[in-house]
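What follows is a short report on a single structure.
Protein chains in written order, with my numbering: chain H, 4 to 272; chain B, 216 to 552.
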């Protein structure tokens with residue numbers, strides 16, 4: 004029989020929180036909106052194929068070039084960080100805003116188990132939306148010129164899947180940290196995404212201070228760009244990018260657990 | 216099972232199916248191609264090649280480029296019809312790929328060898344070559360393969376040979392005979408540098424080319440500095456390898472990857488290319504199409520590599536074509552008074 008004065012062991016506790024959080028997250032309005040945003044390229048791919056099949060108009064971009072633009076600019080630069088921002092900052096902030104955090108914290112659960120269970124639910128939800136969209140979009144565009152030659156592009160699919168997953172992990176960890184540390188984390192998160200991350204387009208070592216520069220170095224797509232990114236565009240070594248993103252994710256997540264375990268949350272009456 | 220778990224499971228199944236389909240496509244493609252985009256038959260090309268280039272004839276003839284420019288470049292349809300009548304060969308229909316390997320340098324030292332893959336009517340083609348008065352062809356048998364020789368008096372006579380109904384070799388006599396002799400040994404595979412470069416070539420391109428350090432050693436080390444005074448030059452960092460791939464549908468897309476000796480050299484080279492683009496952009500006042508051309512080109516660096524990619528719409532290419540000179544209207548003869 005379990006001693007009621009001792010907290011539930013870490014793994015069962017994290018798993019219970021994961022189940023609870025997944026149920027609330029997977030079918031939320033936020034997930035629906037983010038799902039539509041992430042899966043929009045599937046609709047674009049379908050439209051492209053219909054236009055190609057009916058010869059209604061000549062496409063201006065080859066299918067794989069359009070897929071490259073979708074991966075490098077739409078997903079990696081914009082939608083993945085946004086999906087992470089709106090999901091990960093809400094992991095704790097929603098409970099604070101809804102004044103339900105007290106119910107979680109008064110249970111015999113270790114605080115790290117609560118946060119990591121919620122983070123695992125965030126990853127399961129976002130990956131379940133994003134990765135099928137990547138697979139469907141890839142096959143819609145890669146098979147547009149015909150089945151022969153698809154195999155040559157398959158390594159790019161695997162890279163894209165890995166980069167998307169790593170992007171959701173790294174941005175998710177960072178925004179979880181913002182979510183547990185700040186009362187209103189969305190505005191600082193947006194400033195980070197559309198202010199700080201623009202350093203990736205500058206020369207020298209400044210891009211190394213951003214997540215997006217490391218992330219975009221993992222994919223092989225290099226669509227033509229204009230402005231600073233065209234002028235100073237640089238790609239960092241893929242191996243180093245992988246290591247940096249994994250380490251950064253671990254550091255952000257550890258910091259988030261540290262803050263969450265020690266912070267006093269005062270619920271507004 | 217809760218509906219959330221069902222959702223995660225369904226997503227995992229979709230991703231797993233995609234990965235399995237991708238692995239299947241990858242495996243089937245690897246079975247067809249020997250190394251990168253190079254078909255297995257092309258391994259007959261010489262081991263001492265410094266560059267290998269390929270053209271996917273099917274994609275080329277299906278492209279808007281062929282439709283727009285074929286008539287302007289001497290590929291007159293009537294000439295092709297005549298060729299088909301005499302030889303039974305319609306290049307657009309019967310040739311799938313052309314692969315060329317050579318040593319560069321130009322002139323007689325190029326020592327290139329071309330391999331065309333497709334479907335050939337050996338009887339009709341052989342008859343056409345033997346009876347063509349301009350070809351002055353003679354034949355010889357080399358290890359069981361008929362070799363057609365052209366211009367035998369020349370220092371390096373040309374030769375053509377059908378390895379089978381699907382492979383045609385064309386080059387100098389020495390090269391063609393060497394390829395026939397070593398056709399079971401796949402000599403090109405022993406060129407490790409080119410094989411490594413071929414592995415990196417993006418598949419499914421209409422045309423591609425790889426060149427190694429020895430080919431690029433002949434490039435100039437400096438060029439006149441754009442916009443600077445007379446005698447000013449810009450040093451060009453040496454390239455270790457070059458990979459070019461391109462497509463022609465629905466616009467002309469080109470991707471050039473040059474590998475420099477180190478990161479600094481790659482950045483210098485990228486800056487030189489950007490300098491030329493900026494210079495071209497300055498001319499945009501007189502020729503607005505140049506602005507569109509330069510905006511279609513992007514230059515990036517990745518460690519010690521420089522990546523130049525261009526996507527040029529056909530309208531821009533047409534605008535860049537020299538305009539035909541307008542003939543002055545003939546003066547009307549003066550009316551007799």
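Every residue gets a Cβ at the ideal spot worked out from N, C-alpha and C, and that includes glycine.
Please classify residue i as buried or exposed, where buried requires at least 16 other C-beta atoms within 10 Å of its C-beta.
i	result
residue 552 (chain B)	Any reading at residue 552 (chain B) must be qualified, since the residue scores a pLDDT of 48, below 50, and its modelled position is unreliable; no value is offered.
residue 400 (chain B)	exposed
residue 12 (chain H)	exposed
residue 235 (chain B)	exposed
residue 188 (chain H)	buried
residue 263 (chain H)	buried
residue 476 (chain B)	exposed
residue 90 (chain H)	buried
residue 334 (chain B)	exposed
residue 517 (chain B)	buried
residue 426 (chain B)	buried
residue 310 (chain B)	buried
residue 317 (chain B)	buried
residue 417 (chain B)	buried
residue 128 (chain H)	buried
residue 537 (chain B)	exposed
Just the C-alpha distance for residue i and residue j, rounded to the nearest angstrom, thanks.
i	j	result
residue 464 (chain B)	residue 376 (chain B)	33 Å
residue 2 (chain H)	residue 173 (chain H)	Outside the modelled stretch of chain H, which goes from 4 to 272, sits residue 2 (chain H), for which no answer is possible.
residue 42 (chain H)	residue 122 (chain H)	22 Å
residue 279 (chain B)	residue 528 (chain B)	11 Å
residue 343 (chain B)	residue 457 (chain B)	39 Å
residue 48 (chain H)	residue 67 (chain H)	11 Å
residue 373 (chain B)	residue 413 (chain B)	28 Å
residue 267 (chain B)	residue 126 (chain H)	46 Å
residue 45 (chain H)	residue 252 (chain H)	29 Å
residue 211 (chain B)	residue 143 (chain H)	What is shown of chain B runs 216 to 552, which leaves residue 211 (chain B) out entirely.
residue 448 (chain B)	residue 192 (chain H)	48 Å
residue 324 (chain B)	residue 83 (chain H)	Note on residue 324 (chain B): pLDDT 48, under 50, position unreliable in the model; no value is reported.
residue 9 (chain H)	residue 118 (chain H)	19 Å
residue 110 (chain H)	residue 103 (chain H)	12 Å
residue 207 (chain H)	residue 364 (chain B)	59 Å
Provide the residue span of the beta strand (DSSP E) that contains residue i, from first to last.
i	result
residue 354 (chain B)	353-357
residue 313 (chain B)	310-317
residue 458 (chain B)	454-462
residue 426 (chain B)	422-426
residue 361 (chain B)	360-365
residue 471 (chain B)	467-475
residue 200 (chain H)	Where residue 200 (chain H) is concerned, there is no enclosing beta strand (DSSP E), given that its DSSP letter is neither H nor E.
residue 329 (chain B)	328-333
residue 517 (chain B)	512-517
residue 373 (chain B)	373-379
Just checking my contact of residue i with residue j at CB under 8 Å: how many whole Å lie between their CB atoms?
i	j	result
residue 20 (chain H)	residue 120 (chain H)	3 Å
residue 92 (chain H)	residue 198 (chain H)	Going by Cβ atoms, the distance from residue 92 (chain H) to residue 198 (chain H) rounds to 16 Å, so no, they are not a contact pair.
residue 270 (chain B)	residue 422 (chain B)	5 Å
residue 351 (chain B)	residue 390 (chain B)	The pair is not a contact, with the Cβ atoms about 20 Å apart (cut-off 8 Å).
residue 481 (chain B)	residue 520 (chain B)	6 Å
residue 249 (chain B)	residue 258 (chain B)	6 Å
residue 461 (chain B)	residue 450 (chain B)	Residue 461 (chain B) to residue 450 (chain B), Cβ: 28 Å. No contact.
residue 139 (chain H)	residue 419 (chain B)	Not a contact, Cβ separation roughly 20 Å.
residue 314 (chain B)	residue 340 (chain B)	At roughly 19 Å, the Cβ-Cβ gap does not stay under 8 Å, so residue 314 (chain B) and residue 340 (chain B) are not in contact.
residue 34 (chain H)	residue 132 (chain H)	7 Å
residue 238 (chain H)	residue 515 (chain B)	6 Å
Under DSSP, the alpha helix (DSSP H) around residue i begins and ends at which residues?
i	result
residue 144 (chain H)	114-145
residue 263 (chain B)	Here residue 263 (chain B) belongs to no alpha helix (DSSP H), and DSSP marks it neither H nor E.
residue 478 (chain B)	478-497
residue 274 (chain B)	272-277
residue 215 (chain B)	Since the first residue of chain B shown is 216 and the last is 552, residue 215 (chain B) is not available in this structure.
residue 154 (chain H)	153-184
Starting from residue i, find everything on chain A with Cβ-Cβ shorter than 7 Å and list it in chain order.
i	result
residue 26 (chain H)	Of the chains in the structure shown, none is chain A; the protein chains are H and B.
Contacting positions in the stretch 501-527 of chain B - beta carbon closer than 9 Å to chain H: 510, 511, 512, 513, 514, 515, 516, 517, 518, 520, 522, 524, 525 and 526
The stretch 451-472 of chain B: positions lying closer than 9 Å to chain H by Cβ: 462, 464, 465, 466, 468 and 470
Of the residues that make up the stretch 408-428 of chain B, which ones have a beta carbon closer than 8 Å to any beta carbon in chain H? 417, 418 and 419
Chain H contacts from the stretch 297-321 of chain B (Cβ-Cβ distance under 8 Å): none
By the 8 Å beta-carbon criterion, what residues does the stretch 154-174 of chain H contribute toward chain B? 154, 155, 156, 157, 158, 160, 161 and 164
What are the residues in the stretch 365-393 of chain B lying within 8 Å of chain H by C-beta distance? none
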